[in-house]
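Student: Counting from 54, one number per residue, gives the positions in the first sequence under this note's numbering.
Don't be surprised by glycine CBs; every beta carbon is placed ideally from N, CA and C.
This is the structure, below, for whatever I ask next.
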Amino acid sequence: MSETSNAPVLVLFRHDLRLDDNLALSAAADSGHPVLAVYVEDLSEGIRPLGAAARWWRARSLRSLKKALSDSFGIRLICRRGPLAEAVMGLIGQGQIKAIYINRRFEPAADKADDLLEVECGHHAIPVHRFEGQLLHDPNRLKTSTGGFYKVFTPFWRALSSTDSFADPADRPESLRAYKHELEDDPDGLLEYDPPWAKGFDKIWQPGEAGASERLEQFLEGRGEGYSTGRDFMAMEVTSRLSPHLAHGEITPRQIMAASARSKLPPADLETFRKELGWREFCWHLLVHNPHLATENYDTRFNHFPWNTDNAFLTHWKRGRTGYPLVDAAMRQLWETGWMHNRARMVVASFLVKHLGLHWKEGEAWFWDTLVDADAANNPANWQWVAGTGADAAPFFRIFNPTLQSRKFDTRGEYIRTYVRELSALDSRQLHEPPAELRESYAYPAPVVDHSQARESALTAYRSIR
DNA sequence: TGAAATGTTGGGGCG
DNA sequence: ACGCCCCAACATTTC
């Protein structure tokens, strides 16, 4: 490392485990210097550590990235964990790094950690170059006409999607000079994480950039046909399943927008699909402007809300033993696959908050730990939305009837039968609401709460803080 | 991106 | 033939 002319530039990977449309990587390539590629698990103050399912995903995604860097460029990715600035300083000898290239992060504490890195590097005259990729918009730039941030989705999306077209994605670098080094690859074992509960995940998911672009292509070339209405039906395989790939930065919303413009899917389906990306942007917009979104009620009137603290309720919910087949199917899908259908998420979230009267943070924490796509903005923002404590939130009186949702969106019971296997012999007339006298013989629990009673007490509680 | 309660309408059974 | 009632179907209001 002693000869400065051969000194490397450093590319840091964090939530951007990809080579395509990776502006930091491209800029590092353009610098002409040899590249040292490092993934850092940032333990800086205030950054939320990944949940277990997301760690499972990351281990595989990192392996895939490592292989791609090695195959394409002969670059050996190394992995480190620790507070960002410390990890980076510990890695490099002073004055031997020309520059650092990173993609901007929007989790407020992570953004701060990047600022700190920049300050630390400044002391050593090492410039830190930041690039965009995680989002379509810059939450600090997009403002309402009165200069504030957006609090309602529709005007937000109108403003965002009516602006000039989004930037085109960048190709992966044609060539990169590898920096030769003797650094240890993965001292903390980030690439190895194989918990027993994740055994089934491999059948469903292909973490990594290649898996991401495959999903996108499949979706835009046919799977997404009928998305605008079909997305509500939980047994239909019409959704893109891109969320974990997006969460880990294996694909960018820029790439998705650009690809969707070339798709032959019906315009209505594409519009609905893009709008979902819009919700993702909106959630990040909210988090940037409300750094404590994951821990505090956006609507502070709820600080005095009389939540239940019944641990037995919470356990039934987590295990998928509430006695409501749709809720249980969804919770088991989450456990078995690390993912849950969007409508099912709304149903189980509404059930936790309104039927069981538990604090949304309980559900948010479980999702955070069990979802492969857990995202620091989307998870809390959507939980607050369902709970009615959030921005542009669902009105307090919107209480899903799990049995009705089941009849409407899983009419033939395929979704339920897939995950609540003990009920698979029931015909669809009984499946949505198994008769009390049958439950014992099917080893299926009685409902933990009575729907209309639970509904009434939720309404009473929510009215109390209006 | 809801569900339940309440109101309205119209067809058909029936005295 | 007619009015009355019932109730399903649909619309509107309310939470």
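In chain order, what residues of the same chain have a beta carbon less than 7 Å from the beta carbon of Trp436, not counting five sequence neighbours either side?
Tutor: Ala402, Trp413, Gly416, Glu417
Student: Taking the alpha-carbon of Glu237 as reference, which of Leu318, Leu78, Leu89, Asn193 has the nearest alpha-carbon?
Tutor: Leu89
Student: Closest to Trp332 by CA distance: which of Gln149, Phe206, Thr471 is it?
Tutor: Phe206
Student: Using CA coordinates, which residue listed in Arg113, Lys119, Leu137, Pro433 is at the minimum distance from Arg129?
Tutor: Of Arg113, Lys119, Leu137, Pro433, the smallest CA-CA separation from Arg129 is found for Lys119.
Student: Using C-beta distances below 6 Å, list every residue in its chain close to Gly99, excluding the 5 sequence neighbours before and after it, in chain order.
Tutor: Ala162
Student: Along the alpha helix (DSSP H) that carries Leu484, what are the first and last residues, could you check?
Tutor: 481–484
Student: Among the candidates Ala321, Gly175, Ala178, Gly391, whose CA atom is the shortest distance from the CA of Ser281?
Tutor: Ala321
Student: Quick check on Tyr154: does DSSP put it in helix, strand or coil?
Tutor: Three-state DSSP puts Tyr154 in a strand.
Student: Can you give me the Cβ contacts of Met54 inside the same chain, cut-off strictly under 6 Å, excluding the 5 residues immediately before and after it?
Tutor: Residue placement at Met54 is flagged as unreliable, the pLDDT there being 43, under the threshold of 50; a coordinate-derived value is accordingly withheld.
Student: For Lys151, count neighbouring Cβ atoms within 10 angstroms of its own Cβ and tell me buried if that reaches 16, exposed if not.
Tutor: When all chains shown are included, Lys151 counts as buried.
Student: At which residues does the alpha helix (DSSP H) containing Leu76 begin and terminate?
Tutor: Here the alpha helix (DSSP H) through Leu76 covers 76–83.
Student: Which partner residues does Val181 have in the DSSP bridge list?
Tutor: Ile153
Student: Taking the beta carbon of Ile179 as the centre, do at least 16 other beta carbons fall within 10 Å, making it buried, or is it exposed?
Tutor: Ile179 should be labelled buried.
Student: With DSSP as the reference, label Arg385 as helix, strand or coil.
Tutor: helix
Student: Using the Cα positions of Leu269 and Gln259, report the straight-line distance between them to the nearest angstrom.
Tutor: For the pair Leu269 and Gln259, the Cα-to-Cα distance works out to about 12 Å.
Student: Beta-carbon separation of Tyr515 and Ala382 under 9 Å?
Tutor: no
Student: Identify the continuous beta strand (DSSP E) that holds Val93 and give its terminal residues.
Tutor: 88–95
Student: Our contact map puts Val380 next to Pro455 with C-beta atoms below 8 Å; I'd like the distance itself, whole angstroms only.
Tutor: 5 Å
Student: Spatial neighbours of Asn343 within its chain, please: CB distance less than 7 Å, with the 5 preceding and 5 following residues excluded, ordered by chain position.
Tutor: So the list reads Tyr351, once near-sequence residues are dropped.
Student: Could you check the C-alpha separation between Leu65 and Glu290 for me, to the nearest Å?
Tutor: 36 Å
Student: Confirm, please, whether the CB-CB distance from Gly391 to Trp360 is below 9 Å.
Tutor: At a Cβ-Cβ threshold of 9 Å, Trp360 and Gly391 do not count as neighbours.
Student: Would the stretch 228–244 and the stretch 125–142 be scored as touching if the rule is three or more Cβ pairs under 8 Å?
Tutor: yes
Student: Report all residues from its chain with a CB closer than 6 Å to the CB of Arg529; omit the five preceding and five following residues, and keep chain order.
Tutor: It is not possible to answer for residue 529, since the shown part of the chain is limited to 54 through 519.
Student: Starting from Leu63, follow the beta strand (DSSP E) in both directions and report where the run begins and ends.
Tutor: 62–66
Student: Report the residue ranges of all beta strand (DSSP E) runs contained in full by the stretch 165–239; include only those spanning at least 3 residues, in chain order.
Tutor: 181–184
Student: Could you tell me the distance, in whole angstroms, from the CA atom of Glu349 to the CA atom of Ala430?
Tutor: C-alpha separation (whole angstroms): 13 Å.
Student: From the DSSP output, in three-state form, read off Ile309 for me.
Tutor: helix
Student: So what's Arg354 in DSSP terms, helix, strand or just coil?
Tutor: helix
Student: Could you work out which residue in Pro249, Ala138, Val93 is closest to Trp388 when comparing CA atoms only?
Tutor: Pro249
Student: Note down the Cα distance separating Ser123 from Asp221, rounded to an integer number of angstroms.
Tutor: Cα to Cα, the separation comes out at about 26 Å.
Student: Evaluate Phe159 with the Cβ neighbour count: other Cβ atoms within 10 Å of its Cβ, from every protein chain shown; 16 or more gives buried, anything less gives exposed.
Tutor: buried
Student: Quick one: what does DSSP say Ser55 is sitting in, helix, strand or coil?
Tutor: With a pLDDT of 42 at Ser55, under the threshold of 50, the predicted position of this residue should be treated as unreliable, though the coordinate-derived value follows. It is coil, neither helix nor strand.
Student: Could you tell me whether the stretch 224–232 touches the stretch 263–279, where touching means 3 or more Cβ pairs closer than 8 Å?
Tutor: no
Student: Measuring straight from C-alpha to C-alpha, what distance separates Leu76 and Ala223?
Tutor: About 7 Å.
Student: Around the Cβ of Leu491, are there at least 16 other Cβ atoms within 10 angstroms (buried) or fewer (exposed)?
Tutor: exposed
Student: Identify whether Ile145 lies in helix, strand or coil by the three-state DSSP scheme.
Tutor: coil
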